[in-house]
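Some notes on the structure that comes next.
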Amino acid sequence: MQIHWQGHYLDGLTAVRQPVNIILTPAGIQIARSDGSILLWPYHEISQTQGYYAGEQVRLERGVTPVEALIVSDAAFLHSLRFMASSSSGRFHNPVVRKRRYQWIALAVIGIVAGLAAAYIWGIPAGARIAADHVPPTWEAKLGEAVVKQLAADGSVCTEPLVQKPVDSIMETLNSAAPQHPYKLHITVVKDKTVNAFAAPGGNIVIFSGLLEQTKSAEELAGVLAHEMQHVLQKHATKGIFQNLSITLLSAVIIGDLSVVGDVVRTMGSLNYSRSYEEEADYKGMELIMKAHINPSGMINFFEALNKKYGNEPKLFRYISTHPLTLDRIQRLKSQAKTASTRPVLLLPAVSWPQVAQGCGAGYRQKTQREE
Amino acid sequence: MYIQCPSCLFADEIPESKIPEKGGNAKCPKCGHKFPIKRHHNPTPSPDRFSEPTVIITPEKQAPVHQAVKISQPAAGKTSRASVNKFSFHGSGGALFGIQIVNILLAIITLGIYHFWGKVRVRKYLYSQTELMGDRFAYHGAGKELFIGWLKAMIFIIIGYAIIFGLSALIHPLFTMLFYPAMLVVIPAAMVGAMRYRLSRTSWHGIRFSFRGAFKAAISQYAGGLFLTAVTLGIYYPFFHAKMRHFWVSNSYFGNTQFQYDGNGRDLLGKFMLAGFLTIITLGIYWFWYKAMVQRYDWQHTAFSSVRFQSTITGGGLFGLTLVNLLLIVFTLGLAFPWVIVRSLRFQFEHLVLEGNVEFDKIKQDAQSAKATGEGLADFLNIDSGLV
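Same order as they appear, the protein sequences are chains A and B.
Under my numbering, the letters of the first sequence match residues 230 to 601, in that order.
Under my numbering, the letters of the second sequence match residues 4 to 391, in that order.
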């Protein structure tokens, strides 16, 4: 074992780096300086601050203001030091453990991948569900009101009773078939040429007159309403907020301050989640349609027609971009519709539907004129 | 004789006989900057020091560690010719990856709290791997103080938001506009706080660095500079840059020794205007060349004790570094991030030298205390005050 070493000593008072001779003794480290003076550092007063990784020098420190430092560039010094320090050897790094780091790293990689996958697949959706269940419906309603206010600006709401009455009546039919829920459902028809509909949290469903014009029967509108209604009942918007929040927090923890990457991850994540919500709203919506004895072909036909008409231009028509009308989605609805056990009853046999569908058309024309 | 314009760094070879024996003034043919020149002591032309920074080597180079048995003090500052001291970075991406991956796992397990201790581990590693004149840098920060600093910063931000939103909700919505002037104060204040903390926790040769710039000065310079830059449609920007750089550098201390910055916005103005034009034409690529020029300029105008920095960074080098880093990140989905850090640090240090002899015996310990709140705030605002 080597007891004599060479190193550098910093007294913590000036920046002079003094070359010194080092002798390891049972009592401590003996440091012989150039002026002939000898320092003795008892092992239990020393702490190691550098020399834990390959390429580092061994740096030992002693005392509080001024902190003296002793630097030895050869990592083999640690072996001798640990041997001589005997009972205090735990204060110094053992280079042997460096090999074990690879195992830790491998374990960490597996742990992170497994942990993140579990969090993404189960943890986040479950957490969001629990959190959303604890949000009172009145809060959701308030949030929904704010959203609707933004979209349905003054004067753009269609109040035509010729439209509102049959639409409300369809909603009522659906609602009476739905299980008990705390929401006050309300439909707002907005004069807007985009083919879109959405459900704000808390029970406010907004239908654009552009979408209404595309429906050929009450059953077709019922399909859209059933779908949107399930977004409300399943608290999808509220869950989405919690999911976005938790994905943001999770990615912030992982990547520290790389905020841009966090945003990308969150966007990708929320897209995926919203797709599973769409599927749930489809499935439960169709369930509701059948329970209310409404002909399920209406919902299927409408989605199919939209897909045919606008499937190739998803960005222009927002209903398609937020509600991807993929063929397999329609296929799933079809096979679900086959399980219907009762014969459907016509929804509004006495109403001429084309009149309802075009009922807000005047408003639509008015709007386009204003735009010119 | 080889001479170089201190302003635009244009260099040329001129016969020494053209210079008056007692020295004279030269006018740069490129930027028009006037500067004093003297005849060299040695008549032979010295090669371009930017491409070969190790040309001038003093006989008093530090003795290698293992020959240090016969002990003698290097005769610091007594020679007329300066020595060139290179930075070197010894770290590896693999080791850093190991540290960071374990940090991430522990951060997930502890719901993010370990982040601060992890940050300390990363910094300790990076500092310990950085060498200058035989000695490594050392980081003395602690996870606990970073965590407390972050908590304080969070409370500060929450209170700030509460006041602004409270005012706008209760009195008038226009109070939300307070956010912008508030940021003009908070950003420079956070930068000063972060700088104070970070330098106070950094040492070299056993001596702590410190930052002693005042919050007030930072805020007025920052807000004033931004205002003038906006008013002059950006023309003021080089002056703003030089002034801020002056503020950061000349308030930095190594022990009791102050750093100096003698750059001036005037020197950068022409280049900046040209860069603005060329950057548009080259779809942004020229900006790397401008940035490299500014870095060379800034370092060349930075000094402490009797030494001056020199940087040999080139636009091409910077462009290559950035491009490869970007590709590494994209194709490994971010996994190569530790390698990117190591590559960038190595690049910076490879191109940075210290010319002259440090008078180590004259540098005395003069540590300043600093809290980590500013660091936490800078973390929140995602700003980096980093010199180097």
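Ideal Cβ positions, reconstructed from N, Cα and C, are used throughout, including at glycine.
Note that the structure is a prediction, hence the values are computed from the model and not measured.
Between A:THR444 and A:ALA586, the gap from beta carbon to beta carbon is short of 7 Å. Spanning the alpha carbons of B:ALA217 and B:VAL195 requires a straight line of approximately 8 Å. For a Cβ distance threshold of 7 Å, nothing in chain A lies close to B:ARG204: the least Cβ distance comes to about 12 Å. For A:TRP234, there is no enclosing alpha helix (DSSP H); the enclosing beta strand (DSSP E) covers residues 233-239. Shown here for B:LYS365: not one same chain residue has a beta carbon closer than 6 Å to its own, the five before and five after excluded. Contacts with chain A at 7 Å (Cβ-Cβ) do not include B:PHE312.
Among the CB atoms of chain A, none fall inside 7 Å of the CB of B:ILE22. By the beta-carbon neighbour count (other beta carbons within 10 angstroms, threshold 16), A:PRO408 is exposed.
Taking 7 Å as the threshold, the shortest C-beta distance from B:VAL123 to chain A does not fall below it. Unbroken beta strand (DSSP E) runs of no fewer than 3 residues, entirely contained in the stretch 280-351 of chain B, are found at 305-307, 310-314, following chain order. Contacts with chain B at 7 Å (Cβ-Cβ) include A:LEU242. Residue pairing by DSSP places B:PHE159 opposite no residue, since no beta bridge is assigned to it. From the beta-carbon of B:ASP364, the residues of chain A found nearer than 7 Å are THR243, VAL245. The secondary-structure analysis by DSSP pairs A:SER398 with nothing; it has no beta-bridge partner. For B:ASP369, there are no neighbours in chain A by C-beta distance under 7 Å, as the nearest C-beta there is about 10 Å away. Each residue's CA atom was taken as its position, placing B:VAL327 and B:VAL188 some 36 Å apart. The continuous alpha helix (DSSP H) containing A:PHE532 extends over residues 526-539. Within chain A, not a single residue places a beta-carbon under 7 Å from that of B:VAL189; the smallest gap is close to 17 Å.
Beta-carbon to beta-carbon, A:GLY241 and B:GLY209 are separated by about 5 Å, close enough to satisfy the 8 Å threshold.
At a Cβ-Cβ threshold of 7 Å, B:VAL345 and B:GLY94 count as neighbours. A direct Cα-Cα distance of roughly 16 Å separates A:ARG320 from A:ILE300. Taking a Cβ-Cβ threshold of 9 Å, the residues of chain B close to A:ALA283 are HIS93, SER95, ALA98, in chain order. A:ALA343 counts as exposed, since fewer than 16 other beta carbons sit within 10 angstroms of its beta carbon. Comparing C-alpha distances from A:PRO271 to each of A:SER315, A:ASN250, A:GLN231, A:ARG246 shows the shortest one belongs to A:SER315. By the neighbour-count definition (other C-beta atoms within 10 Å, threshold 16), B:ARG204 is a buried residue.
In this structure, the CA atom of B:LEU380 is about 6 Å from the CA atom of B:ALA193.
For A:HIS460, the enclosing alpha helix (DSSP H) begins and ends at 447-462.
DSSP, read as helix, strand or coil, puts B:PHE250 in helix. B:THR232 sits close to B:PHE243, with the two beta carbons spaced by under 7 Å. Counting C-beta atoms within 10 angstroms of its own C-beta, A:GLU401 has fewer than 16 neighbours from the protein chains shown and is therefore classed as exposed.
Taking 7 Å as the threshold, the shortest C-beta distance from A:ILE275 to chain B does not fall below it. When Cβ-Cβ separations below 7 Å define contact, A:LEU239 makes contact with chain B.
Contact with chain B is absent for A:GLN560, since none of that chain's Cβ atoms lies less than 7 Å from the residue's Cβ. In the three-state reduction of the DSSP assignment, B:TYR256 falls in the strand class, which pools E and B. Nearest Cα to B:ILE238 within the set B:ILE288, B:PHE280, B:ILE166: B:PHE280. Put simply, the backbone Cα of A:LYS567 is about 17 Å away from that of A:PHE531.
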